[in-house]
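Read the structure below first, then the notes.
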Amino acid sequence: MITPFFSLKGELAEPQKIEKIDKGKYRIITNHGHVILELKKEAAALLVYAEVEKDEGFGKRASSLKVDFQGYERFLAFEFNLDPPNYFRYEKEPYEYPPGVEASEEIVSAWTYPWHVKNLGQLPEKLKVSQILFKGKGDHLFILSVVDGGFVSYLTDFRTEGFNIVSDAGVKHRWRRLLVAVITFGKDPYSLVENAYDIAFELTGRKYGLRKYKELPETFRYLGWCTWNAFWRDITHEKIIEGYKKIREHIPAAFVLIDDGWMDEKEGELRSFTANKDRFPGDLGETVRELKKLGARHVGLWLTLNGYWNGIGIDGEIFEKLGDTLEEIEGMIVPRPEESFKFFGEWFRKIARDGFSFVKVDNQVVVGLAYKEKYPWGVVAEKLHRGVEGAACSNNLEVLNCMAINPDHIYNWLSSKVARSCIDYIVPHRPSCDKLHIYFNAYNSIWMSQVIWPDWDMFQTHDPMALQQAVARAISGGPIYITDVPGKTVSEVARPLALSDGRIALLDAIAVPIEDVLFRDPYNEEVALKVYNTLTVPGIGKYGIVAVFNIHKDNIELEYSVSPADARLVGGRYLFFEYFTQKYGILGRDEKVQDRLLGRDVRLYVFVPEVKDIFLIGSPDIYIMPWIFERVYVEGDTIYVILREKNRILIYSETNILAENQMFEPGLIDFSPITPLLKIKIKS
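Residue numbers for the sequence shown follow my numbering, so the first one is 715 and each next one is one higher.
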């Protein structure tokens, strides 16, 4: 049941009368005027439209739809206005999540967090939720709020029996027609999310902002290193160069991200686009050139959407030359939205000339915290993103988005391809933060993967829980980069992340939780977190990749089971192989492998398809073992395998085979090919 309230003259008005015009179409009569509400059904989806009959609708909120729901057992909500309290500074383990505090209606977070609940009344009343999955008895429902017409819609005012969907501009903003939400329903929860995003982006003119129409940038096909947790803001040309040399002694990091600390700033205000002369005497171009001589294929540069944390300094070169592109908001001098393309165009032109391949744009939450006090929330987000992304494209730079996991950004990543999917990786290391980091990333990837490649953030291989973090990055399907202190890299954790030239596994999709844990909370409930992905090898087909994490807050031992069906593989026989224990066996699609997992532990399974009684497992030198296979050809009783590089190979055969001029009996075969072309002949 939906009870609608609309703003036509500055404030929400209660409906005086509701008249049915047509099937799914209603005229809402208020004491301020008329609104047309259309509940339009499209391919198992319900579209909620609002349209004023005259061009007179305005207010900070265009609408508020009171929604009552019953008949669902579990809920997975994604909220963006309640940061976990003291998350960076807590002392007592384990950290309690979700937080048992009320949310503020005035706050917007930089991040989105998943909440698992059994009752909508368990959510804080004023929580701002961008989307929510409902689990019923045999079916599911998904509600996606939409950014349209300058308004940001979201779910709030939670109570046991329902919630409100509000459309908020932050300031008074005239509107005529809004798409408020898309509601999809059916049996497959993953399809519901995908369908909702397809419809929302199509109907708001953003179709090609979906990830399915984008390509992963070349930079992020390689392993990288970031300076942030290695040096914090205390970076210099010498530190970066010497640090990268030490990192390269352990791993083939092929891109470098120069993070915060390089800027010419005073009291948090950016003064010029050149680097701090004391730290970088030859400016950043010299640093980039030396990094590339040492093996870096790509170098990226960190910056913030508002210039620097406190904006632009009025006594600096930027203000002097580009003052016409700037304005004061909330006590800061920042880029004016209408002139943001010019501002970032000038900045990015210099960055490109210095040899950088991409920029990491941070502090994008300033849109929801500062800019929306002056401009309509959805309008200013669109203008700033167009400015940043347009300037990046015109200078052949890619954009890595940070502090931007909320609706006003999601709907404006039209050319951006990568964005952080979680609050920061925490140093110094804390067990609860490590666990929650994996939890947040895994569940946020369900929806973020519709728009971009989720970046699970950097991590340190000398973290006590680094193995879990490494496996999480390997299976994620997104960028992989470490932030090790030079000289502390743990090679056995880091090396399996990439091939010898730094290439990481390019998986078919983005890792997401397996359906049987989709509505379970692996941090608080006695259930292991299981995520899956797939890898297609031409000539063989799909491999299933399943990672199992024990991230329970109390470190208790957990039972779990996995099967080829968990990775959504088709029928047939598969060999399972577990990377760390090297346990293996043959099973059908729906048969399960059962085991136990200690606290903070991890398992990584590959489900291998059969080719003529042979199972080509892959290389144990990399986490995603079948990534070693570039292509396979089968001709009669001979199998030709093209390898990406010469590495140790594992094969399981149910028959005698001849390979590398050696005869092998049935069983697990471990050998190192002489060349990247492997020929296997089946002997009866």
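Glycine residues also receive a C-beta, built at the ideal position from the N, C-alpha and C atoms.
- Taken in chain order, the unbroken stretches of alpha helix (DSSP H) that lie wholly in the segment 1074-1141 and span 4 residues or more are 1080-1083, 1091-1108 and 1121-1124.
- Each of Asn833, Lys1360, Leu790 and Lys1393 was checked against the Cα of Gly1350, and the nearest Cα belongs to Lys1393.
- DSSP places Val822 in the coil class of the three-state scheme, outside both helix and strand.
- Classified as exposed, Ile732 has fewer than 16 neighbouring CB atoms from the shown chains inside 10 Å of its CB.
- With fewer than three CB-CB distances shorter than 8 Å, the segment 1120-1136 does not count as touching the segment 801-819.
- Per DSSP, reduced to three states, the secondary structure at Met977 is strand.
- The closest CA to that of Ser986, considering only Lys1064, Leu1181 and Met1179, is found on Lys1064.
- Sixteen is the threshold: when 16 or more other Cβ atoms of the shown chains lie within 10 Å of the Cβ of Leu1181, as they do, the residue is buried.
- Tyr811 sits in coil when the DSSP states are folded into three classes, being neither helix nor strand.
- Annotation: the continuous alpha helix (DSSP H) that includes Asn909 extends over Pro903 to Leu917.
- The straight-line gap separating the alpha-carbon atoms of Asp1148 and Met1172 is approximately 12 Å.
- Judged by DSSP secondary structure, Leu1357 falls within the beta strand (DSSP E) whose first and last residues are Thr1352 to Leu1357.
- Contact between Ser1054 and Leu1098 is confirmed by a C-beta separation of about 5 Å, below the 8 Å threshold.
- Within the DSSP bridge table, the entry for Ile1383 names Ile1365 as partners.
- Annotated three-state conformation of Glu1240 is coil, per DSSP.
- With a contact defined as Cβ atoms closer than 8 Å, Gly1092 and Pro1049 miss out at about 18 Å.
- At the C-beta level, Pro966 and Leu1213 come within 9 Å of one another.
- Burial check for Ile742: the Cβ neighbour count within 10 Å reaches 16 or more, so the residue is buried.
- Gly1037 is positioned such that its CB atom lies no closer than 9 Å to that of Lys980.
- Closest option to Tyr786, judged by alpha-carbon separation, among Phe1291, Gly850, Glu875 and Asn1077: Gly850.
- Put simply, the backbone Cα of Ala1106 is about 50 Å away from that of Ala1373.
- Pairing Glu875 with Gln784 gives a Cβ-Cβ distance under 9 Å.
- Counting along the chain, Tyr922 sits inside no alpha helix (DSSP H), nor does DSSP assign it H or E at all.
- The beta carbon of Ser1205 lies closer than 6 Å to those of His964 in the same chain, with the five residues before and after it left out.
- Three or more Cβ pairs closer than 8 Å define a contact, and the segment 1141-1157 meets that threshold against the segment 1246-1265.
- In this structure, Glu932 lies near Ser1071, with their beta-carbon atoms less than 9 Å apart.
- Asp1215 carries a coil assignment under DSSP once its states are collapsed to helix, strand and coil.
- For Gly1014, the uninterrupted beta strand (DSSP E) run begins and ends at His1012 to Thr1018, by DSSP.
- Excluding the 5 residues flanking it on each side, Tyr1347 has same chain C-beta neighbours closer than 6 Å at Gly1253 and Tyr1354, in chain order.
- Collapsing the DSSP output to three states places Ala791 in a strand.
- DSSP places Ile846 within a strand segment (E or B) once states are collapsed to three.
- Scanning the segment 1239-1327 for uninterrupted beta strand (DSSP E) segments of 3 residues or longer gives 1243-1251, 1255-1263, 1272-1276, 1287-1292, 1298-1302, 1307-1311 and 1316-1323, listed from N- to C-terminal end.
- Taking the C-beta atoms as reference points, Ser721 is found nearer than 9 Å to Lys774.
- For Phe720, the pairing in a beta bridge is given by DSSP as Ala727 and Ser777.
- For Val907, the CB contacts under 7 Å within the same chain, skipping 5 residues up- and downstream, are Phe856, Ile1160, Trp1161 and Gln1164 in chain order.
- Going by C-alpha positions, Ala1186 is about 43 Å away from Thr717.
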